[in-house]
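Okay, so here's the structure we're looking at.
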Amino acid sequence: MSNRQPPIESLEVEDRVFPPPEQFAARAVATSDLVAAAAADPEGYWAAEASRLEWIEPWQQVLDRSGAPFFKWFTGGRLNASANCLDRHLAERGDRVAFYWEGEPGDAQEITYRDLYERVCRLANGLRELGVGKGDRVAIYLGMVPELPVAMLACARIGAPHTVVFGGFSPNALSERIQDCSCTAVITADEGWRNGKTIPLKANVDAALESCPSVEAAVVVRRTGGEVTWAEGRDHWYHELVERQAPACPPEPMDSEDLLYILYTSGTTGKPKGIVHTTGGYMAGVASTHRQVFDLRDDDVYWCAADCGWVTGHSYIVYGPLANGCTGVLYEGAPGFPGPDRWWRIIERHRVSILYTAPTAIRTFMKWGTDAPAGCDLTSLRLLGSVGEPINPEAWMWYHQHIGGGRCPIVDTWWQTETGTIMISPLPGITSTKPGSATFPLPGVGADIVDEAGTSVGLGQGGYLVLTEPWPAMLRTLYGDDERYLETYWSRFPGLYLAGDGARRDEEGYFWLLGRIDDVMNVSGHRLSTIEIESALVDHPAVAEAAVVGRADAITGQAIAAFVTLVGGVVGDEDLIGELRGHVAKRIGPIARPQSIVLTADLPKTRSGKIMRRLLRDISDDRQLGDVTTLANAEVVREIADMATAARAAGQEE
Ligand code: 7RM
Numbered sequence: 013m014s015n016r017q018p019p020i021e022s023l024e025v026e027d028r029v030f031p032p033p034e035q036f037a038a039r040a041v042a043t044s045d046l047v048a049a050a051a052a053d054p055e056g057y058w059a060a061e062a063s064r065l066e067w068i069e070p071w072q073q074v075l076d077r078s079g080a081p082f083f084k085w086f087t088g089g090r091l092n093a094s095a096n097c098l099d100r101h102l103a104e105r106g107d108r109v110a111f112y113w114e115g116e117p118g119d120a121q122e123i124t125y126r127d128l129y130e131r132v133c134r135l136a137n138g139l140r141e142l143g144v145g146k147g148d149r150v151a152i153y154l155g156m157v158p159e160l161p162v163a164m165l166a167c168a169r170i171g172a173p174h175t176v177v178f179g180g181f182s183p184n185a186l187s188e189r190i191q192d193c194s195c196t197a198v199i200t201a202d203e204g205w206r207n208g209k210t211i212p213l214k215a216n217v218d219a220a221l222e223s224c225p226s227v228e229a230a231v232v233v234r235r236t237g238g239e240v241t242w243a244e245g246r247d248h249w250y251h252e253l254v255e256r257q258a259p260a261c262p263p264e265p266m267d268s269e270d271l272l273y274i275l276y277t278s279g280t281t282g283k284p285k286g287i288v289h290t291t292g293g294y295m296a297g298v299a300s301t302h303r304q305v306f307d308l309r310d311d312d313v314y315w316c317a318a319d320c321g322w323v324t325g326h327s328y329i330v331y332g333p334l335a336n337g338c339t340g341v342l343y344e345g346a347p348g349f350p351g352p353d354r355w356w357r358i359i360e361r362h363r364v365s366i367l368y369t370a371p372t373a374i375r376t377f378m379k380w381g382t383d384a385p386a387g388c389d390l391t392s393l394r395l396l397g398s399v400g401e402p403i404n405p406e407a408w409m410w411y412h413q414h415i416g417g418g419r420c421p422i423v424d425t426w427w428q429t430e431t432g433t434i435m436i437s438p439l440p441g442i443t444s445t446k447p448g449s450a451t452f453p454l455p456g457v458g459a460d461i462v463d464e465a466g467t468s469v470g471l472g473q474g475g476y477l478v479l480t481e482p483w484p485a486m487l488r489t490l491y492g493d494d495e496r497y498l499e500t501y502w503s504r505f506p507g508l509y510l511a512g513d514g515a516r517r518d519e520e521g522y523f524w525l526l527g528r529i530d531d532v533m534n535v536s537g538h539r540l541s542t543i544e545i546e547s548a549l550v551d552h553p554a555v556a557e558a559a560v561v562g563r564a565d566a567i568t569g570q571a572i573a574a575f576v577t578l579v580g581g582v583v584g585d586e587d588l589i590g591e592l593r594g595h596v597a598k599r600i601g602p603i604a605r606p607q608s609i610v611l612t613a614d615l616p617k618t619r620s621g622k623i624m625r626r627l628l629r630d631i632s633d634d635r636q637l638g639d640v641t642t643l644a645n646a647e648v649v650r651e652i653a654d655m656a657t658a659a660r661a662a663g664q665e666e
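Sequential numbering from 13 applies to the sequence shown in this note's numbering.
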């Protein structure tokens, strides 16, 4: 056993520690007592969290393990997600703002809880008029307009599971998802705004529906006023449909285990997986984690800058925050429109106190420089969050310093579409943070890191991240494919949920996420994660972003190939490349020295902003490029490939 190579070796040492500021510790929502109580009795803990919701009928059993790993939570209970997000708040906070919405062109709306309730009820009635009923699936394909959360909640109100498809997806991707769960209706808009340009949402729907016979109705929001073609009988203007409806609609009482939504996650290859989330456990989980991780207080203005098309938008723009009666911000457009200070102006205007975004956005802002945030009043911020990828320690420090003014704790939240809720994250009032670490599993969550044999690895070791206990917001299955559910998540280590990420624990037990298992490299028999080498590159002041992959190598098995984007204004040359290679070797050791570095204007990313290393591997191995349909920026790939070829020709590598 002892001479077996570890699943992942770790090279990085990070020694900065940030204890929670005193004012957080003094009035934190999540306390160490709560953590202790959850550890002693996880089911009791989740039951207490679930009882913050409004139940139409109480549950009989907290957790039913009998069909494991098809777990059930709060069985026998009945509730409605939309009623929990809306009706429940009307008496006491009907006039409170639910969303400050800003359109990309500069138009704006202030939507109170009462407004939102009425809009949701009208659309719910409208959907019923079109024949949509409990159990029917509805596709939602919109930009970040108020009608997007309204549509989600209207579906939830009548018990029709929604499947939100990100507005940047192609007609093909849309029709594939609609077909997979045979939706009977689609909600879309004429067009969407992005970077001052329009996205032809309705035209994409028209194209998609050519191969979707299940769809009987399309509801179309008028957003830009752009021209659309019309299918009489099938298409309905949103404004005409809701105008004739009553602003009240009784919520459908849903079983705790009734489907709330399906959300497709493409992964890197293959047919997208329809992640199934149900009602009771999911709502309990999102409300609880939103309150604790973001230390929610009554006067907060909370901005999760994700798109509702991703799980982050489902859990932490719509269901969690609204269940908590919180005031949020919704922004329709691109971060750089009309200028690089758009986000910081939004924070200034609405006195945002909590900002939740992704490392890809932070690294983009790093590239743009510090002038924009420095020119805005960001003193309303008190807490920052990160999600989506491991955050490089230098990006963490930049966020901390230039956005958080050095005073805001950062919650680096690890979770997945599958988990539904944040699983590993600091609690800002009690956890000392380390830049780049998601720290510890949340109360009521069981996580571990195991080796090939499924045995827990010790402190200081790397391996496979697994979840050891069921949790309320867990996916219930993959839509229509129980087999693939079992195979993907439960077959590798019996009784453990396989997350598909590598991780290590440091000597103090902190969790450090190391990226997807598929991205691990093997260099001279050492299994290295890409993130630590990327972070060593980002640690250099000239570097904004880096992606590292293993390229086939006759001698070492794999050699390290790096792709680097520089901070705005920095000009790269052979000297800088030499310096960067040396920087990595000095920071984490000669084994990690990249064999080649290609400087590039951009990196290939998925549409949700995650770096796509698979394509860089294809380029590095001089292979035919794999599937690029899930790429947000397909054009950069060709460019990078040309540069890599040029670098090889110039004999940059030793
Ligand atoms: C919420 C979301 C899930 C994958 C996950 C990880 C990566 C997400 C972090 C992270 C390191 C984080 N859902 N990931 N958050 N890696 N630190 N804080 O992103 O389904 O789209 O992606 O994202 O690899 O498995 S997702």
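Where is the CB? At the ideal position from N, CA and C, for every residue including glycine. In this text, all values refer to a predicted model and were calculated from it rather than measured experimentally.
Helix, strand or coil: how does DSSP classify residue i here?
i, result
"I68", "coil"
"P506", "coil"
"A317", "coil"
"W294", "Here the sequence assigns Tyr to residue 294, which means Trp is not the residue at that position. Helix at Y294."
"G418", "coil"
"I170", "helix"
"Y250", "helix"
"K283", "coil"
"S632", "helix"
"K617", "strand"
"L160", "helix"
"F377", "helix"
"P606", "coil"
"A110", "strand"
"A230", "strand"
"T241", "coil"
If you drop the 5 nearest sequence neighbours on each side, which residues of the same chain put their C-beta closer than 6 Å to that of residue i?
i, result
"E228", "T196"
"M13", "Per-residue confidence for M13 stands at a pLDDT of 40, beneath the threshold of 50, marking its modelled position as unreliable; the derived number appears in the next sentence. For M13, where only same-chain residues beyond five positions count, there are no Cβ hits under 6 Å."
"A163", "I152, I199"
"T372", "G621"
"T369", "A317"
"R629", "V561"
From the options, pick the residue whose C-alpha is nearest to that of residue i; which is it?
i, options, result
"L526", "E244, S94, D630, L477", "L477"
"Y250", "P263, V232, R256, G581", "V232"
"N96", "R64, R235, W85", "R64"
"W58", "A37, M295, L160", "M295"
"S449", "I623, W483, G397", "G397"
"V298", "V330, G143, S268", "V330"
"F82", "P347, A49, E269", "E269"
"R169", "E188, L627, R140", "R140"
"A436", "A346, T425, F30, S365", "It is worth fixing the name first, because residue 436 is Ile in this sequence and not Ala. That would be T425, whose Cα lies nearest to the Cα of I436."
"A49", "E61, Q17, D634", "E61"
"G558", "A566, T542, D565", "It should be pointed out that residue 558 corresponds to Ala in this sequence rather than to Gly. For A558, the nearest C-alpha among the options comes from T542."
"I68", "P265, L510, S300", "P265"
"E203", "D307, T241, T175", "T241"
Give me, in chain order, the residues of the same chain whose beta-carbon lies closer than 8 Å to that of residue i; leave out the 5 immediate sequence neighbours on both sides.
i, result
"L186", "A151, Y153, V177, N216, V217, A220"
"E666", "Note on E666: pLDDT 39, under 50, position unreliable in the model; no value is reported."
"R605", "I572, R593, G594, V596, A597"
"L637", "L627, D630, I631, V649, A653"
Less than 7 Å between C-beta atoms, sequence neighbours within five positions excluded: which residues of the same chain meet that for residue i?
i, result
"G458", "L479, T480, E481"
"D614", "T577, N645, V648"
"N15", "Bear in mind that the predicted position of N15 carries a pLDDT of just 47, short of 50, making it unreliable; the figure below should be weighed with that in mind. No residues qualify anywhere along the chain."
"S632", "V561, R563, A573, A656"
"R419", "P33"
"Q72", "T87, G88"
List the whole-angstrom C-beta distance separating residue i from residue j, where the pair is believed to meet the contact cut-off of C-beta under 8 Å.
i, j, result
"L334", "A110", "6 Å"
"W205", "G115", "7 Å"
"V462", "G472", "That pair is no contact at about 15 Å."
"P259", "E130", "4 Å"
"R234", "G155", "Rounded, the Cβ-Cβ distance is 13 Å, inconsistent with contact."
"H538", "E21", "5 Å"
"F523", "F452", "7 Å"
"S536", "T489", "The Cβ separation is near 42 Å, so there is no contact."
"G179", "G321", "6 Å"
"G171", "G147", "7 Å"
Quick one: does residue i have its CB under 9 Å from some CB of chain D?
i, result
"V313", "Within the model displayed, chain D is absent; a lone protein chain is all it includes."
> Who's in the neighbourhood of the ligand 7RM, going by beta-carbon under 7 Å from any heavy atom, listed in chain order?
Replying inline: T277, W322, V323, T324, S398, V399, G400, E401, P402, I403, D424, T425, W426, W427, Q428, T429, E430, A450, A511, G512, D513, L525, G527, R528, S620, K622
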